[in-house]
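Peer 1: Position 203 of the sequence shown, counted from 1, bears residue number 203 in the UniProt record's numbering, the numbering being contiguous throughout.
For every residue, glycine included, the Cβ atom is placed at its ideal position computed from N, Cα and C.
After the structure tokens below, expect a handful of questions from me.
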Amino acid sequence: MNLQDDKLSIAVPSQAESASVTASIASSSANSANTKKPRINTHASSTPTPSTAVASITDLTNRLSEYLSPADLKQVKEAYRFSDEMHLGQVRKSGEPYISHPIAVAEICAEWKLDVQAIMAALLHDVMEDQDVKKEELIERFGAPVAALVDGLSKLEKIEFQSHIEAQAENFRKMLLAMARDVRVILVKLADRLHNMRTLGVMSPEKQRRIASETMEVYVPIAHRLGLNNIYRELQDLSFAHIYPMRYRTLAKAIKAARGNRREVVNKILAAVKTTLADAGLEAQIDGREKTLYGIYCKMRDKQLSFSQVLDIYGFRIVVDNFQNSYYALGTLHALYKPMPGKFKDYIAIPKSNGYQSLHTTLIGPYGTPVEFQIRTKEMHRVAESGVAAHWLYKNEDASLTDLQQRTHAWLQSLLDIQKQTGDSAEFLEHVKVDLFPDSVYVFTPKSKIFALPRGATALDFAYNIHTDIGDQAIATRINNEPVPLRTELKNGDIVEIITSPNSRPTPNWLTYVRTGKARSAIRHYLRTINLNESTELGKQLLAQALVSLHLNPDLPDTLIDKLLNESSANTLEELHTDIGIGKRMAALVARHILDLVENDSPSIPFQHIGDEKLSKPDPVIIYGSEGVSVQLSPCCLPIPGDSIVGQLKRDQGLVVHSNDCKNAKRLQVKEPDRWIDVTWGEDLNRRFDCRISVIVNNERGALARIAAEIGEADANIIHVNMEDGESKDMTKIYFTIQIVDRVHLARILRNVKHLNGVSKIRREYA
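Written out as structure tokens, the structure is:
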């Protein structure tokens, strides 16, 4: 089987670490996904006849009695009775009583030994959403903590949203913020999603793919971020089975066939490792394990391999009794088999951001087969499998989980920081999803404090990760004692120092190279608040332009404004103008929506069209270059007065002005034609503009000084110079960034420099 030519229809997270599963997961996941039935919100009158089976909580109470007190069990039973009463007559698509789903969710939570409040919330998690039970009633019956958990789990079905995407974004926002206040919200939610994924098979293929894609995009990385590796791996495989069912079945069949062929190799390695560790005096639990189907699929997809080329589908986990023996076992294994260069990772010394600790090494086993080993202590294994849930599992034993709890708390706190600075739910989810994906880089402050950031993060992300004020005032950075730009991408082990200035402020250009949600939301928040008036005025002008182009009077009557605001998420017309000015909304789309309102409800809206005889082409937006960050001159072409220009509306960056000759502008106009508007230079421009020029000159003493003096004589300011070798060894190419007034000024400079001795060529440069 070869996936090399197989097209991918959705974006999925990067390849996860090797995962531990039983040898039968391929068949058991597929069977469970196709035999159990999903939850639907309906009543008996409109569904198949319920089965005669009665949902029981006997298994649940037996499991809970292992760690809960009789008083706690009594509260759980009260929650069960209330939930059973509320869901009476409601069934699943299979005809099972609906209460079977909350019981299953509670059983998953009981496996983590969550406390009584979390178990009660699991049993009650759908009563607010499905049965319209009020939060006040839950507070009265079960207490405020349980009600808060259930409220955080409930969706916002009663609110009207503009789209399904907006509704989903708001649901996730509410859930994640509730999680930030109490992490048990997401633990129960993950248990809920796991049971629904196990029972997804009865849905239509389209709905299966949609729910599975949502799970892969949001819930899988959340489970990984919280260190819930068992759920993380199972959700990955279940999502894979529903997103790409044919690939899943084909791969499962191939792995089943390969098990027999590779059993001899696995048994030989297992025996050799056990003997070697025993001879070294090490007591260890050794497990052979098969990688997940999704993990194998990712390797085939990312490295363009066929199944026969993926050799390391098996791995081994070694659990020892203490920290020192982890490294002793590593040395013993390296003496047994040769390690593969570059395939050793020490997550004990530098844990992952979710608290995961282990030694990873890949060795060349018998017959040249690469084999991965994970070595960890029992305590590390507990955290690796249960993640943040280990806090409840072993909360009375020791204080060694403090670091994990601190890491989790810091991440959850960052969700609250992002929420404070974010405009809407879709933007909030966009920021959070960036931080959820698992690949990380680990960097240090000059005082050796370690920070984990997403792969691709820059020095500016690091600055915002320390504190928002540090990010806002950053002007430069030193990485490993070398001065580098703020946009420099960080690598593992970098020592990063941020240089700040109280006069520095964020610019829209920063959004093009920050990677973390915290940095992106902080920059957008600053740009929105500081430049509100400029953006509002620009948005008002753009909307008026768009309305005139549709033969509509830009002076909107109050009745139309009220109707427009009722159908959008903006609270005021000024807020709508601001959204347009920062590029969050398209003026043309808002204008078309207004036209629809007028045409569909014209009798009740006193509004007058502009007749064709009065219609003229809308005036272009006038650019002065001093508008602030709501209007930017594109760095790719650096337009100057006298150039023919065009404007691009970019989300959260306002209006970006390009030269008409700009290659980037021409390419983007084809991709997003609706985001371009007519602009023109104003008169009496009281400022100077940046411009790039290049000069090819003889490589001789004093050449740079003569050119710089001539530029200065022409009343231009040089702000940057760099040089490179010319086409021949006796020529040098010098690049200048200069500040000028307009094209006439530039032409005079080019003409004067061209006449200098030794200058062979001079021209204006574009990026």
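By the three-class DSSP mapping on this structure, what secondary structure does D84 have?
Peer 2: It is helical.
Peer 1: For F444, which residues of its own chain have a beta-carbon under 8 Å away from its beta-carbon, when the five flanking residues on both sides are left out?
Peer 2: Excluding positions up to five away in sequence, the list reads I450, F451, G493, D494, I495 and V496.
Peer 1: May I ask which residues mark the beginning and end of the beta strand (DSSP E) holding N229?
Peer 2: Per DSSP, N229 belongs to no beta strand (DSSP E); it is in the alpha helix (DSSP H), N229 to I243.
Peer 1: Considering Cα atoms alone, identify which of Q357, R233 and G456 is closest to E379.
Peer 2: Q357
Peer 1: For L543, is the classification buried or exposed, using 16 other Cβ atoms within 10 angstroms of its Cβ as the cut-off for buried?
Peer 2: buried
Peer 1: Where does R667 land, buried or exposed, given buried means 16+ other C-beta within 10 angstroms?
Peer 2: Exposed is the call here.
Peer 1: What is the DSSP secondary structure of K158, reduced to helix, strand or coil?
Peer 2: Note that K158 scores 40 on pLDDT, short of 50, meaning its location in the model is unreliable; the coordinates nonetheless yield the value given after this. Coil.
Peer 1: Would you call the stretch 673-684 and the stretch 723-737 touching, i.e. three or more CB-CB distances under 8 Å?
Peer 2: no
Peer 1: Between K291 and Y328, is the Cβ-Cβ spacing less than 9 Å?
Peer 2: K291 is not a Cβ neighbour of Y328, given a cutoff of 9 Å.
Peer 1: Report back the beta-carbon spacing between L194 and I255 to the nearest angstrom; my notes put them in contact at under 8 Å.
Peer 2: Not a contact, Cβ separation roughly 22 Å.
Peer 1: In whole angstroms, what separates the C-alpha of L359 from that of Q285?
Peer 2: Q285 has its alpha-carbon roughly 15 Å from the corresponding atom of L359.
Peer 1: Checking the sheet assignment: what are the DSSP bridge partners for E489?
Peer 2: T458
Peer 1: Which same chain residues, not among the five before or five after Y67, have their C-beta less than 8 Å away from its C-beta?
Peer 2: K113
Peer 1: Grab me the residues of E489's own chain with a C-beta within less than 8 Å of its C-beta, minus the 5 sequence neighbours each way, in chain order.
Peer 2: G456, A457 and T458
Peer 1: In its own chain, which residues sit with a C-beta less than 6 Å from the C-beta of K135, not counting the 5 before and 5 after it?
Peer 2: A147 and D151
Peer 1: According to DSSP, which residues form a beta bridge with M723?
Peer 2: I734
Peer 1: Any idea which residues DSSP pairs I376 with across the strands?
Peer 2: The displayed chain sequence assigns Arg, not Ile, to residue 376. Looking at the DSSP assignment, R376 forms a beta bridge with V319.
Peer 1: Using 8 Å as the cut-off, classify the Cβ of T445 as near or not near the heavy atoms of the ligand ADP, replying yes or no.
Peer 2: This structure simply doesn't include the ligand ADP, nor any ligand for that matter.
Peer 1: Could you tell me the alpha carbon to alpha carbon distance between M203 and H224, rounded to whole angstroms?
Peer 2: 26 Å
Peer 1: Whole angstroms is fine: what's the gap from A104's alpha carbon to V133's?
Peer 2: 21 Å
Peer 1: Taking all protein chains shown into account, do 16 or more other C-beta atoms lie within 10 angstroms of the C-beta of H720, making it buried, or fewer, making it exposed?
Peer 2: exposed
Peer 1: Looking at the strands, I want to know which residues DSSP matches up with V91.
Peer 2: According to DSSP, which records beta bridges pairwise, V91 is partnered with P97.
Peer 1: How about G647 and L655: are their beta carbons less than 9 Å apart?
Peer 2: yes
Peer 1: Which value, in whole angstroms, describes the spacing of the CA atoms of L486 and A665?
Peer 2: 26 Å
Peer 1: So what does DSSP say about D59, is it helix, strand or coil?
Peer 2: helix
Peer 1: From I318 to L235, what does the alpha carbon distance come to, in whole angstroms?
Peer 2: 25 Å
Peer 1: On the DSSP letters alone, give me the boundaries of the beta strand (DSSP E) that P205 sits inside.
Peer 2: Segment P205 to E214 is the alpha helix (DSSP H) holding P205; no beta strand (DSSP E) there.
Peer 1: Does the separation of the CB atoms of Q545 and V621 fall below 9 Å?
Peer 2: yes
Peer 1: Is it buried or exposed for I222, if we count other Cβ within 10 angstroms and need 16 for buried?
Peer 2: buried
Peer 1: Should D472 go down as buried or exposed, given a rule of 16 or more other Cβ atoms within 10 Å for buried?
Peer 2: Residue environment analysis places D472 among the buried positions, since at least 16 neighbouring C-beta atoms fall within 10 angstroms of its C-beta.
Peer 1: Any contact between the stretch 515-528 and the stretch 568-575? By contact I mean 3 or more CB pairs, one from each, below 8 Å.
Peer 2: Because the criterion of three Cβ pairs below 8 Å is not met, the stretch 515-528 and the stretch 568-575 do not touch.
Peer 1: State buried or exposed for R92, treating a residue as buried only when at least 16 other CB atoms are found within 10 Å of its CB.
Peer 2: buried
Peer 1: Taking the C-alpha atoms as reference points, what is the distance between A716 and Q739?
Peer 2: 6 Å
Peer 1: I believe L153 touches K189 by the beta-carbon criterion, under 8 Å. Please report the beta-carbon distance rounded to the nearest angstrom.
Peer 2: Taking the Cβ atoms as the reference, L153 lies roughly 6 Å from K189, within the contact range of under 8 Å.
Peer 1: Please list the terminal residues of the continuous alpha helix (DSSP H) segment that includes Q117.
Peer 2: According to the DSSP assignment, Q117 belongs to the alpha helix (DSSP H) that extends over V116 to L124.
Peer 1: Just how far apart, CA to CA, sit P145 and P508?
Peer 2: Rounded to the nearest angstrom, the two C-alpha atoms are 42 Å apart.
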